[in-house]
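*Asks:*
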Amino acid sequence: MSAVIETRNLTKTYGTVKALDGLSLTIPKGGVYGVLGPNGAGKSTLFRILLGLIAPTEGDASVMGGAIRDPKAMRRMGSMIETPRYPPYMSARQVLTWLSLAHGLTSDTTRTDRWLERVGLTEAADRRVRGFSVGMLQRLGVAAALITEPELIILDEPTSGMDPPGIQEMRALIRSLAHDDGLTVVLASHQLLEVQRVCDRVAILNKGKLVREGTVSELTTTGERLRLSLTPLDKASTILGERGTVDGTAILANVPRAEGPALIRALVEQGIDIDEARWVGTDLESVFFTETGSIQTPEHDHVG
Amino acid sequence: MWADAIRAEAFRLSKSRTTWFWSVFFAPILLLIVGAISSLVIDANATKLAADPDAPPELTQMLSMQPLDMGQAMIANAGNLSNALVLLFILIGAATVYAGDYRWETWRLISARNTRPNLLLGKLAVVTGLSLVAMLVMLISGTLSDLIQAAVFDRGLTFTMDAGDVGQFFLLAGLSLLRILQFTMIGLLAAVMTRSLLVALFVPLVLAIAQFFLPMQVLPPMGFMPDSWLSVLVDPGGALDSIKDLVRGGDAAAGVPDGVLPKAWISVALWTLLPAAGAIAWFNRQDLSKE
Numbered sequence: 020m021s022a023v024i025e026t027r028n029l030t031k032t033y034g035t036v037k038a039l040d041g042l043s044l045t046i047p048k049g050g051v052y053g054v055l056g057p058n059g060a061g062k063s064t065l066f067r068i069l070l071g072l073i074a075p076t077e078g079d080a081s082v083m084g085g086a087i088r089d090p091k092a093m094r095r096m097g098s099m100i101e102t103p104r105y106p107p108y109m110s111a112r113q114v115l116t117w118l119s120l121a122h123g124l125t126s127d128t129t130r131t132d133r134w135l136e137r138v139g140l141t142e143a144a145d146r147r148v149r150g151f152s153v154g155m156l157q158r159l160g161v162a163a164a165l166i167t168e169p170e171l172i173i174l175d176e177p178t179s180g181m182d183p184p185g186i187q188e189m190r191a192l193i194r195s196l197a198h199d200d201g202l203t204v205v206l207a208s209h210q211l212l213e214v215q216r217v218c219d220r221v222a223i224l225n226k227g228k229l230v231r232e233g234t235v236s237e238l239t240t241t242g243e244r245l246r247l248s249l250t251p252l253d254k255a256s257t258i259l260g261e262r263g264t265v266d267g268t269a270i271l272a273n274v275p276r277a278e279g280p281a282l283i284r285a286l287v288e289q290g291i292d293i294d295e296a297r298w299v300g301t302d303l304e305s306v307f308f309t310e311t312g313s314i315q316t317p318e319h320d321h322v323g
Numbered sequence: 089m090w091a092d093a094i095r096a097e098a099f100r101l102s103k104s105r106t107t108w109f110w111s112v113f114f115a116p117i118l119l120l121i122v123g124a125i126s127s128l129v130i131d132a133n134a135t136k137l138a139a140d141p142d143a144p145p146e147l148t149q150m151l152s153m154q155p156l157d158m159g160q161a162m163i164a165n166a167g168n169l170s171n172a173l174v175l176l177f178i179l180i181g182a183a184t185v186y187a188g189d190y191r192w193e194t195w196r197l198i199s200a201r202n203t204r205p206n207l208l209l210g211k212l213a214v215v216t217g218l219s220l221v222a223m224l225v226m227l228i229s230g231t232l233s234d235l236i237q238a239a240v241f242d243r244g245l246t247f248t249m250d251a252g253d254v255g256q257f258f259l260l261a262g263l264s265l266l267r268i269l270q271f272t273m274i275g276l277l278a279a280v281m282t283r284s285l286l287v288a289l290f291v292p293l294v295l296a297i298a299q300f301f302l303p304m305q306v307l308p309p310m311g312f313m314p315d316s317w318l319s320v321l322v323d324p325g326g327a328l329d330s331i332k333d334l335v336r337g338g339d340a341a342a343g344v345p346d347g348v349l350p351k352a353w354i355s356v357a358l359w360t361l362l363p364a365a366g367a368i369a370w371f372n373r374q375d376l377s378k379e
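So the protein lines, in turn, are chains A and B. My numbering puts the first residue of the first sequence at 20, with every later residue one more than the last. My numbering puts the first residue of the second sequence at 89, with every later residue one more than the last.
1) Is the separation between the beta-carbon of Trp-357 of chain B and that of Ile-331 of chain B shorter than 8 Å?
2) Can you tell which of A:Lys-226, A:Asp-253, A:Glu-232 has its C-alpha closest to the C-alpha of Lys-62 of chain A?
3) Going by DSSP in three states, Ile-291 of chain A sits in which element: helix, strand or coil?
4) Cβ closer than 7 Å: which chain A residues qualify as neighbours of Ser-284 of chain B?
5) What residue does the alpha helix (DSSP H) around Lys-91 of chain A start on, and which one ends it?
6) Can you name the residues of chain B whose CB is closer than 9 Å to the CB of Pro-177 of chain A?
7) Near Val-322 of chain A, which residues of its chain fall below 6 Å by C-beta distance, leaving aside the five closest residues on each side in sequence?
8) Of all the beta strand (DSSP E) runs that stay within the bounds of the stretch 236-265 of chain A, which reach a length of 3 or more residues?
9) Hey, quick one: how far does the alpha helix (DSSP H) through Asp-234 of chain B stretch, first residue to last?
10) Determine, using beta carbons only, whether Arg-336 of chain B comes closer than 8 Å to chain A.
11) Look at the alpha carbon of Ile-274 of chain B and the alpha carbon of Leu-120 of chain B, and state the distance between them as a whole number of angstroms.
12) Is any beta-carbon of chain A found at less than 8 Å from that of Phe-113 of chain B?
13) Determine whether the Cβ of Tyr-105 of chain A lies closer than 8 Å to any Cβ atom of chain B.
14) So that I know if they touch, is there some Cβ in chain A lying closer than 8 Å to that of Asn-202 of chain B?
15) Which whole runs of the alpha helix (DSSP H) in the stretch 131-202 of chain B are 4 residues long or more, in chain order?
16) Could you name the residues of the same chain whose beta carbon sits closer than 6 Å to that of Gly-185 of chain A, not counting the 5 residues immediately before and after it, in chain order?
17) Could you work out which residues of chain B lie near Thr-116 of chain A, taking near to mean beta carbons separated by less than 8 Å?
18) For Arg-194 of chain A, collect the residues of the same chain with a Cβ closer than 8 Å to its Cβ; drop the 5 residues on either side in sequence, then sort them by chain order.
19) Tell me whether Ser-167 of chain A is buried or exposed, calling it buried when 16 or more other Cβ atoms sit within 10 Å of its Cβ.
20) Answer with buried or exposed for Tyr-416 of chain B, where buried requires no fewer than 16 other C-beta atoms within 10 angstroms of its C-beta.
21) Report the residue from B:Asp-157, B:Trp-317, B:Thr-135 whose alpha carbon sits nearest the alpha carbon of Gly-244 of chain B.
22) Please state whether the Cβ-Cβ distance between Leu-174 of chain A and Leu-224 of chain A is less than 8 Å.
23) Who pairs with Ala-298 of chain B in a beta bridge, going by DSSP?
24) Who are the Cβ neighbours of Asp-132 of chain A in its own chain at under 8 Å, not counting the five residues just before and after it?
25) Per DSSP, what kind of secondary structure is Ser-337 of chain A in: helix, strand or coil?
26) Can you name the residues that DSSP bridges to Gly-180 of chain A?
27) I need the straight-line Cα distance from Ala-96 of chain B to Leu-120 of chain A, nearest angstrom please.
28) If you follow the alpha helix (DSSP H) that Ile-172 of chain A is part of, which residue opens it and which one closes it?
29) Using only alpha-carbon positions, find the residue among A:Thr-234, A:Leu-286, A:Arg-276 that is nearest to Trp-298 of chain A.
30) Is there a Cβ of chain A sitting closer than 8 Å to that of Ile-180 of chain B, yes or no?
31) Can you name the start and end residues of the beta strand (DSSP E) that Glu-232 of chain A belongs to?
32) Is Ser-316 of chain B helix, strand or coil when you go by DSSP?
33) So with CB distances below 8 Å, who are the chain B contacts of Tyr-108 of chain A?
34) For Ala-164 of chain A, report the span of its alpha helix (DSSP H) as first-last.
35) Among the residues of its own chain, which have a CB less than 7 Å from the CB of Leu-151 of chain B, if the five just before and after it don't count?
36) Note the first and the last residue of the continuous beta strand (DSSP E) segment covering Ser-43 of chain A.
Below you can see the structure in the form of structure tokens.
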């Protein structure tokens, strides 16, 4: 599995604040890779270092096998950092032509029109961007990142400011780029459900450090628990001991799936009436809140 | 590559009609209109002005009905292509080019795939091109103004320009371009250091005013004469005017103190190269994620 991005002990300090704290991360080629973390976790700092916009305080990183700011490596990468802005007097088509020229390409209208169509901006191609909504600017930003036909694309909050249909279209586009076009997509998002739906692998950052990394399925199945609605609660809790956590009128049992039926049998044999038993998983949101120590939301059920 | 930066910057500038109007067309159009109105007003008062013994020589020549030499008029115009009005309005275009990427937060879009010196040098090349176009339009405007004046005062037209005159024309035009670039370099440094279009616009103006008054009002009482090193070094505009006078020759050159030429070139070189080098050095270390 070759890597498109590798960071080694990457540290960025702003005064006394460590935005990144010795981050070592390997992002493999192919698929959609999500970088998650609460505000101030270091996601944007990481992206900005990778794009050569800021220099790290310590450590180093490579992108597409080359050093940061290496023009050869940078030419194989496209990016959109937050909601992009453009000179307001230019049309969407002119913006893409301008960026094509800036990146050493010709002003080929076939290419610009193809990407405008891909992001759903064909009808707005000749409109000045000063009248664009945030969602339209985001789409144009993705087209701008793709205009050089890169192998790696970095998207910071690509669905920020978009309405639900726009988010759905962006999600489809991202997956299509990764799975139909063969690009590696690295994205940061606060919308955890979106990340779960679109990403193949995720890294969770907190306070500039990597706290979890793996495929979405790995992260979301490791915390699976058996939710038992039963009576009497006290007796069941005593039987389960540290393996059980009282959750309202139910108990969440930390047991592997294979041991689930045996546990139910044992409880019934000891006089516990079980009203309902079902597997509840941890979605990415739960993992995120657990790992980052953020405010916990209610447990989310999933079909298990 | 530098060529990519130039092509992209030139394309973007070509789409900004507001910038073109203000930095290239406004000053020449204004001067053309003012020139035409002045000619008509002078013509209406010709008898009274011709009898005035204190009338300036330019006015006397205008009313003399002698043929107007368009070749010599063009040479005079070439030496005046960096006048205050041109400088003021070309700065609007220069500031837009230099500070536009900070204003629209677009550095992050273009900085990943090119070196930072190339990006700034691309902007410098485009501002140079814009200045040349502005000078050409101003030259056309000046020529039209001369033709209107000739028509209003019933003056005939001649055209004399020998090889020496051609050389003088291009030298004066080149020095005018140098003055514009030197002026806009301060704007470049201000834009990079402050990330502000307004600062890029006003710092060169304030500095130019200060540079104009320092050698005339402040330094002489302190013992520094206009031809002293300090006076020449602080006023690159005045230094370039001295060089232009030496190129013009005749009475103009006679008014330039001896030994000023090397000081003037050093002043011009310092005020042109240092701001550019400073801007590139600053930009190379700048955090472009904060725009």
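Using N, Cα and C, we set each Cβ at its ideal position, and we do this for glycine too. These numbers come from a predicted model, not from an experiment.
*Replies:* Well, looking at it:
1) The amino acid at residue 357 of chain B is misidentified as Trp; the sequence shows Ala. No, the pair does not count as a contact, with Cβ atoms beyond the cut-off.
2) For Lys-62 of chain A, the nearest C-alpha among the options comes from A:Lys-226.
3) If DSSP states are grouped into helix, strand and coil, Ile-291 of chain A belongs with coil.
4) Within 7 Å Cβ-Cβ: nothing; Ser-284 of chain B doesn't reach chain A, min ~16 Å.
5) 90-93 is the span of the alpha helix (DSSP H), which, as asked, contains Lys-91 of chain A.
6) By Cβ distance, chain B contributes nothing, its closest Cβ being about 15 Å from Pro-177 of chain A, past 9 Å.
7) In this prediction, Val-322 of chain A has a pLDDT of 35, which is less than 50 and means its spatial position is unreliable; what the coordinates show is noted afterwards. There are no such residues.
8) Counting only runs of 3 or more residues that sit fully inside the stretch 236-265 of chain A, the beta strand (DSSP E) segments are 244-250, in chain order.
9) Its alpha helix (DSSP H) spans residues 204-240.
10) Residue-level contact by beta carbon fails for Arg-336 of chain B and chain A, as no gap is shorter than 8 Å.
11) Going by C-alpha positions, Ile-274 of chain B is about 29 Å away from Leu-120 of chain B.
12) It does not: the Cβ of Phe-113 of chain B has no partner Cβ on chain A nearer than 8 Å.
13) Tyr-105 of chain A counts as touching chain B.
14) Closer than 8 Å to some Cβ of chain A, the Cβ of Asn-202 of chain B qualifies, so yes.
15) Uninterrupted alpha helix (DSSP H) stretches at least 4 residues long and entirely within the stretch 131-202 of chain B occur at 134-138, 145-151, 158-167, 172-191, 195-198, given in chain order.
16) Cβ within range, chain order: Gly-154.
17) Chain B residues near Thr-116 of chain A: Phe-99.
18) Cβ within range, chain order: Val-51, Val-217.
19) Correcting the residue type first, residue 167 of chain A is Thr in the shown sequence and not Ser. Counting C-beta atoms within 10 angstroms of its own C-beta, Thr-167 of chain A has 16 or more neighbours from the protein chains shown and is therefore classed as buried.
20) Limits of chain B in this structure are 89 at one end and 379 at the other, which puts residue 416 of chain B out of reach.
21) Looking at the Cα atoms, B:Asp-157 is the closest of the given residues.
22) At a Cβ-Cβ threshold of 8 Å, Leu-174 of chain A and Leu-224 of chain A do not count as neighbours.
23) None; Ala-298 of chain B has no bridge partner.
24) Excluding residues within five positions, the ones whose Cβ falls inside 8 Å are Arg-112, Thr-141, Ala-144.
25) Because chain A spans 20 through 323 in this model, residue 337 of chain A falls outside it and cannot be assessed.
26) According to DSSP, Gly-180 of chain A bridges with nothing at all.
27) Cα to Cα, Ala-96 of chain B sits roughly 5 Å from Leu-120 of chain A.
28) Boundaries for Ile-172 of chain A: no alpha helix (DSSP H) harbours it, while the beta strand (DSSP E) harbouring it runs 171-175, taken from the DSSP string.
29) Of the listed residues, the one whose Cα sits closest to Trp-298 of chain A is A:Arg-276.
30) No, its Cβ sits nowhere closer than 8 Å to a Cβ of chain A.
31) Where Glu-232 of chain A is concerned, the enclosing beta strand (DSSP E) stretches over 228-234.
32) Assigned with DSSP and collapsed to three states, Ser-316 of chain B falls in coil, not helix or strand.
33) Per Cβ cutoff of 8 Å: Lys-103, Ser-104, Arg-105, Thr-106.
34) Run containing Ala-164 of chain A: 153-165, per the alpha helix (DSSP H) assignment.
35) Excluding sequence neighbours, Leu-151 of chain B sits near Ala-134, Leu-137, Ala-138, Phe-241.
36) First-last of the beta strand (DSSP E) with Ser-43 of chain A: 36-47.
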